[in-house]
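Protein chains in written order, with this note's numbering: chain A, 1047 to 1160; chain B, 70 to 179. All residues carry an ideal CB built from backbone N, CA and C; glycine is no exception. Keep in mind the model is a prediction, meaning the values are calculated, not measured. The next block holds one structure in the form of structure tokens; read it before the comments.
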Amino acid sequence: DAMVIQNPRYQVTQFGKPVTLSCSQTLNHNVMYWYQQKSSQAPKLLFHYYDKDFNNEADTPDNFQSRRPNTSFCFLDIRSPGLGDAAMYLCATSPRRRGEETQYFGPGTRLLVL
Amino acid sequence: GQNIDQPTEMTATEGAIVQINCTYQTSGFNGLFWYQQHAGEAPTFLSYNVLDGLEEKGRFSSFLSRSKGYSYLLLKELQMKDSASYLCAVRASGNTPLVFGKGTRLSVIA
């Protein structure tokens, strides 16, 4: 089945220790997104790619970086995680075709910072 | 700016009908989405409205009024498994990313 896959599902890291979260998709969608979601809050967009074009949200901290080496894969790098970065990180994709604007989410990676 | 409002929590009885409202103020409008999110899981797509009116999909229906900046999600014949958060999201223009509301946590009780 075509899908959005995130690994790992749970990630524990230490304060200040770099961590990378990964996302892959078999939907062949042009657009990929990274959201951060804290408990009982709305998903907050961090950045997104239209193909290789990177779009950073103005309030995304510099501590968060992203890479998209090809259509299928996208990575979220947190260079120096703080306690406030503990959250669920959601990857989503969508096609760039009018009339098919739905975003499809992966299962998420829950990050715990010790 | 973008603002999306929905009630924080609702409770309803198994077998009943519940309506979850969403109001939005955005710089543009190119579609409203409803997602279901169970605790600790990713949001899953429920419905999409871009024109005024009602879209029905099984037990779930969604309504949109663009002039009022208003939508609702209607859930019929509630089941215990419908206990979840329901997120309202708006796309302001083109294929820009969705902006999400904080979600409505629905509890279905026996």
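For residue i, would you say it is in contact with chain A, using Cβ-to-Cβ distances shorter than 7 Å as the test?
{"i": "B:Gly170", "result": "yes"}
{"i": "B:Leu147", "result": "no"}
{"i": "B:Phe114", "result": "yes"}
{"i": "B:Ala108", "result": "no"}
{"i": "B:Pro76", "result": "no"}
{"i": "B:Gly100", "result": "yes"}
{"i": "B:Leu167", "result": "yes"}
{"i": "B:Ala81", "result": "no"}
Who are residue i's beta bridge partners in DSSP?
{"i": "B:Gly122", "result": "B:Leu133"}
{"i": "A:Asn1102", "result": "A:Phe1093"}
{"i": "A:Ile1051", "result": "A:Ser1070"}
{"i": "B:Asn72", "result": "B:Gln94"}
{"i": "A:Arg1156", "result": "A:Tyr1056 and A:Met1134"}
{"i": "A:Ile1124", "result": "A:Val1065 and A:Phe1110"}
Establish whether the CB of residue i and some CB of chain B are separated by less than 7 Å.
{"i": "A:Pro1115", "result": "no"}
{"i": "A:Thr1148", "result": "yes"}
{"i": "A:Gln1071", "result": "no"}
{"i": "A:Phe1151", "result": "yes"}
Please determine, among the options, the residue with the shortest C-alpha to C-alpha distance to residue i.
{"i": "B:Asn99", "options": "B:Ser176, B:Val168 and B:Thr173", "result": "B:Val168"}
{"i": "A:Leu1160", "options": "A:Arg1142, A:Pro1141, A:Ala1133 and A:Leu1091", "result": "A:Ala1133"}
{"i": "A:Asn1074", "options": "A:Pro1107, A:Thr1059, A:Ser1140 and A:Ala1088", "result": "A:Ser1140"}
{"i": "B:Met149", "options": "B:Phe132, B:Pro166, B:Thr173 and B:Thr82", "result": "B:Thr82"}
{"i": "B:Gly97", "options": "B:Lys171, B:Arg174, B:Phe129 and B:Val159", "result": "B:Val159"}
{"i": "A:Tyr1056", "options": "A:Met1049, A:Tyr1135, A:Arg1142 and A:Ser1085", "result": "A:Tyr1135"}
{"i": "B:Gln147", "options": "B:Gly172, B:Phe129, B:Pro76 and B:Ala161", "result": "This sequence places Leu at residue 147 of chain B; Gln is not what is there. Out of B:Gly172, B:Phe129, B:Pro76 and B:Ala161, B:Phe129 has the C-alpha closest to the C-alpha of B:Leu147."}
{"i": "B:Asn72", "options": "B:Glu78, B:Met79, B:Thr95 and B:Thr173", "result": "B:Thr95"}
{"i": "B:Ser154", "options": "B:Val119, B:Gly84, B:Gly172 and B:Gly163", "result": "B:Gly172"}
{"i": "A:Gly1062", "options": "A:Pro1153, A:Gly1130, A:Thr1148 and A:Gln1082", "result": "A:Gly1130"}
{"i": "A:Arg1156", "options": "B:Glu110, B:Pro76 and B:Arg174", "result": "B:Glu110"}
{"i": "A:Val1058", "options": "A:Ile1051, A:Pro1089 and A:Pro1127", "result": "A:Pro1127"}
{"i": "B:Val177", "options": "B:Ala108, B:Gln75, B:Gly163 and B:Ser152", "result": "B:Ser152"}
{"i": "B:Arg174", "options": "A:Met1049, A:Ser1086, A:Ile1051 and A:Val1050", "result": "A:Ser1086"}
{"i": "A:Lys1090", "options": "A:Ala1104, A:Arg1125 and A:Asn1116", "result": "A:Ala1104"}
In chain order, what residues of the same chain lie with their CB nearer than 6 Å to the CB of residue i, ignoring the 5 residues before and after it?
{"i": "A:Tyr1079", "result": "His1094 and Ala1138"}
{"i": "B:Ile86", "result": "Lys145"}
{"i": "A:Asn1053", "result": "Ser1068"}
{"i": "B:Leu101", "result": "Asn118, Leu133, Ser140 and Val159"}
By Cβ distance, which residues of its chain are closer than 8 Å to residue i, with the 5 residues on each side in sequence left out?
{"i": "B:Asp121", "result": "Leu133, Ser134, Arg135 and Ser136"}
{"i": "B:Thr165", "result": "Asn99"}
{"i": "B:Thr113", "result": "Tyr104, Gln105 and Gln106"}
{"i": "A:Lys1098", "result": "Arg1114"}
>> Does the structure place the stretch 85 to 93 of chain B close enough to the stretch 138 to 151 of chain B that three or more beta carbon pairs sit under 8 Å?
In response: Using a Cβ-Cβ distance cut-off of 8 Å, the stretch 138 to 151 of chain B and the stretch 85 to 93 of chain B are in contact, since at least three pairs of beta carbons, one from each stretch, lie closer than that value.
> Touch check for the stretch 1110 to 1121 of chain A and the stretch 1066 to 1078 of chain A: three-plus C-beta pairs under 8 Å?
Replying inline: The stretch 1110 to 1121 of chain A vs the stretch 1066 to 1078 of chain A: in contact.
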